[in-house]
Amino acid sequence: HSWVFGEACCKAMVFMINACMYSSVFLITLMSVERFIVVRYPFASAVWKRKQALNIVLLALWTLAFLFSIPIVPT
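Residue numbers (full-length UniProt numbering): 1 to 75.
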């Protein structure tokens with residue numbers, strides 16, 4: 001088994017696969033929490049509807065996904 005694209009590309013590929021996996025899990029969890037808040041607290045959910053709040057939450061989500069993927073990169 002050989003990887004013809006080099007070691008750096010192999011590590012980048014593993015990193016991106018894991019980052020996408022973590023971001024998928026986090027996004028599905030975020031959608032579930034958002035749906036719960038909308039159903040349980042219908043008037044308090046207006047904070048989630050602001051675009052700036054959504055951008056901050058998504059930036060934090062992707063940052064966590066990238067941070068969680070760092071230890072998985074093979075050495």
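Here a beta-carbon is modelled for each residue, glycine too, at the ideal position from N, C-alpha and C.
- Apart from the 5 residues on each side of it in sequence, LEU30 sits with its Cβ closer than 8 Å to the Cβ of VAL57, LEU61 in its chain, given in chain order.
- Taking C-beta separations shorter than 8 Å and ignoring five residues to either side along the sequence, the partners of LYS11 in its chain run VAL73, PRO74, following chain order.
- Collapsing the DSSP output to three states places SER23 in a helix.
- About 5 Å separates the beta carbons of ALA19 and ALA65, which is inside the 8 Å limit, making them a contact pair.
- Secondary structure at PHE43: coil, using DSSP grouped into helix, strand and coil.
- Just measuring C-alpha positions, the residue of ARG40, PHE5, PHE36, PHE26 sitting nearest PHE68 is PHE26.
- Boundaries of the alpha helix (DSSP H) harbouring VAL57: 51 to 69, taken from the DSSP string.
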